[in-house]
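*Asks:*
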């Protein structure tokens, strides 16, 4: 680990002012906010992250879960994953979020990891984590050995010729399906970003993963009011039953009236370079009867653009079955 | 073997010897290699007349571990795990993978279980930290420690302190009554010997006995 200066900013303004001095808020940032540390300290030990300053934001006032005036939910950026998953309102009104979080990581990590940090969780691609290897995400222009190398767990949606790294988050898949909004305070003031716009596709700049700029501090996440009577489910498929990243996962939020789907929010995990919302699947479900043919058709269109590599072709069928089964279970 | 071993399920004599000799060696010979050390104003962690080297960039911190305050000077990079083991010399907490994948380093911070390898010690001033040494003593074991002994919840023992810290925290978490729920909430603690069945039995024994 490289030496750094540890700073505990007294308030958000001081935190933002210090972070604004960083050249970038993306890979290679020289100032980093520290939440739970579960991603950042891991990557600092590997010298993948080498910040010169670490700002401890754990004691800033972002640790509350509050109901908003419109009936939605405001979730502070430093709320721990376990506190969010076990929150009574979340369990009742947004069960897909609770399920997704509890299927991620371990109890210890969920006690540490923050909501803001989970939004910024980094890929588990082995080439990104190994500084002896080239990686366009870690060192722009150095190449992507994953495309011709070990890619069994890597992405099939949203990939480019420069990067096929999977976004590993479970929480983000649920937040995508729930149409969350991410609230950011930056040097130029506060702003809100729709969940789908927050993460970037790798394209030719895989080192840029989010819209965050130097000094941008995620303060909270907002959920819209719960959809009354909606059926929600998070289904995660992986190599072992617990404490493992998804090979494929699906978050579904359905409203059903008289045997027909009136509204569908669908997102996939473990298969995309970002948390993968599927408007194609949503359109294929809307107005259709709740039967296996409908569900399978939605899965077919969700995976239509999939680009497999040498070792991960199986993910196409796995993701289709994952979504089909999630829809069938949620609708039952 | 000393008489301790008869009155106690764990033979303490070898452990005591190692701890004593280790402390002497650290103070007399290896102090220059220690990553951090107790500050002069505080209670020293070892008794020695050897001059302590200063560490460039070291910062002061007070850590409250097992109800006792430790005033320390540490390199900012020091993880909570390394601070507990190397600086405060409480070696019951183990380093396995050092990357948050095995659970051997599990401790409690403000009553909740966390991985001490993925935390900086500096993040925890003012927090209440509990390690395996703060759970029970050889003469007055915590019910979970007793259950691990009775159920044979280990083989080599390296993961055991992490398993027990996790298990004790689990008692206060939302967990279904069945074995599957216990296994799910214990999945962050890996046991290479494969003592899982007995670990679950130990936890269930404590839960049933209230």
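Chains as they are written, first to last, in my numbering: chain A, -7 to 324; chain B, 2 to 211.
The beta carbon of each residue, even a glycine, is placed where N, CA and C say it ideally should be.
(1) With DSSP run on the structure shown, which of helix, strand or coil describes residue 183 of chain B?
(2) Is the stretch 246 to 259 of chain A touching the stretch 71 to 83 of chain A in the sense that three or more CB pairs, one from each, lie closer than 8 Å?
(3) Which first and last residues belong to the beta strand (DSSP E) in which residue 256 of chain A is found?
(4) Please go through the same chain and pick out, in chain order, the residues whose beta-carbon is closer than 7 Å to the beta-carbon of residue 67 of chain B, but skip the five residues on each side of it.
(5) So that I know if they touch, is there some Cβ in chain A lying closer than 8 Å to that of residue 182 of chain B?
(6) For residue 215 of chain A and residue 176 of chain A, which I take to be in contact (beta-carbon distance under 8 Å), what is that distance rounded to the nearest angstrom?
(7) Tell whether a beta-carbon distance below 8 Å holds between residue 321 of chain A and residue 246 of chain A.
(8) Measuring straight from C-alpha to C-alpha, what distance separates residue 146 of chain B and residue 167 of chain B?
(9) What ranges does the alpha helix (DSSP H) occupy inside the stretch 120 to 156 of chain B, keeping only unbroken runs of at least 4 residues that lie completely in it?
(10) Hey, residue 12 of chain A and residue 206 of chain A are a contact pair by Cβ (cut 8 Å); roughly how many whole angstroms apart?
(11) What residues in the stretch 86 to 100 of chain B have a beta carbon less than 8 Å from any beta carbon of chain A?
(12) Using 10 angstroms around the beta-carbon of residue 296 of chain A, count the other beta-carbons present and answer buried if the total reaches 16, otherwise exposed.
(13) At which residues does the beta strand (DSSP E) containing residue 68 of chain A begin and terminate?
(14) Run through chain A and tell me which residues come within less than 9 Å of residue 154 of chain B, C-beta to C-beta.
(15) Can you list, in chain order, the residues of its chain with a C-beta nearer than 7 Å to that of residue 92 of chain A? Leave out the 5 residues immediately preceding and following it.
(16) Using 8 Å as the threshold, is the C-beta distance between residue 107 of chain A and residue 49 of chain A below it?
(17) To the nearest whole angstrom, what separates the beta carbons of residue 105 of chain B and residue 148 of chain B, a pair I think is in contact under 8 Å?
(18) Which residues of chain B have a Cβ atom closer than 8 Å to the Cβ of residue 180 of chain A, listed in chain order?
(19) Cβ of residue 119 of chain A less than 8 Å from any chain B Cβ?
(20) In this structure, how does DSSP classify residue 115 of chain A when only helix, strand and coil are distinguished?
(21) Can you pull the chain A neighbours of residue 144 of chain B, defined as C-beta to C-beta under 8 Å?
(22) Taking only three categories from DSSP, how would you classify residue 241 of chain A?
(23) Can you have a look at residue 58 of chain B and say buried or exposed, based on whether 16 or more other CB atoms are within 10 angstroms of its CB?
(24) How about residue 167 of chain B: is its C-beta nearer than 8 Å to some C-beta of chain A?
(25) Distance cutoff 8 Å, beta carbons only. Does residue 91 of chain A sit that close to anything in chain B?
(26) For residue 80 of chain B, which residues in the same chain have their Cβ closer than 7 Å to its Cβ, ignoring the five residues on either side in sequence?
(27) Alpha helix (DSSP H) containing residue 292 of chain A: first to last residue?
(28) Exposed or buried, what is residue 307 of chain A when buried is set at 16 or more other beta-carbons lying within 10 Å of its beta-carbon?
(29) Give the DSSP-derived three-state secondary structure of residue 109 of chain A in the structure shown.
(30) Buried or exposed: which applies to residue 6 of chain B, given that a residue is buried once 16 or more other Cβ atoms fall within 10 Å of its Cβ?
(31) Residues in the same chain with beta-carbon distance under 6 Å from residue 204 of chain A, minus the five sequence neighbours each way, listed in chain order, please.
(32) Leaving out five residues before and five after residue 154 of chain B in sequence, what residues of the same chain have Cβ atoms less than 6 Å from its Cβ?
(33) Compile a chain-ordered list of the residues in the stretch 63 to 84 of chain B whose CB is closer than 9 Å to at least one CB of chain A.
(34) Kindly list, in the order they appear in chain B, the residues whose Cβ is closer than 8 Å to that of residue -7 of chain A.
(35) Looking only at C-alpha atoms, which of A:154, A:282 and A:182 sits nearest to residue 198 of chain A?
(36) Do residue 330 of chain A and residue 69 of chain A have their CB atoms nearer than 8 Å?
*Replies:* Quick answer:
(1) helix
(2) no
(3) 252 to 261
(4) 131, 132, 134 and 135
(5) no
(6) At roughly 16 Å, the Cβ-Cβ gap does not stay under 8 Å, so residue 215 of chain A and residue 176 of chain A are not in contact.
(7) no
(8) 12 Å
(9) 144 to 152
(10) 5 Å
(11) 99 and 100
(12) exposed
(13) 65 to 68
(14) Simply none; closest approach about 18 Å.
(15) 162, 163, 165, 166, 226 and 243
(16) no
(17) That pair is no contact at about 19 Å.
(18) Result: empty, since nearest Cβ-Cβ is about 29 Å, beyond 8 Å.
(19) no
(20) coil
(21) Per Cβ cutoff of 8 Å: no residues; residue 144 of chain B is ~20 Å from chain A at best.
(22) strand
(23) exposed
(24) yes
(25) no
(26) 117, 118, 120, 121 and 122
(27) 284 to 294
(28) buried
(29) helix
(30) Caution applies to residue 6 of chain B, whose pLDDT of 41 falls short of 50 and renders its modelled position unreliable; the model cannot decide the point.
(31) 17
(32) 196, 199, 200 and 203
(33) 76, 77, 78 and 80
(34) 78
(35) A:154
(36) As displayed, chain A neither begins before -7 nor continues past 324, which places residue 330 of chain A out of reach and without an answer.
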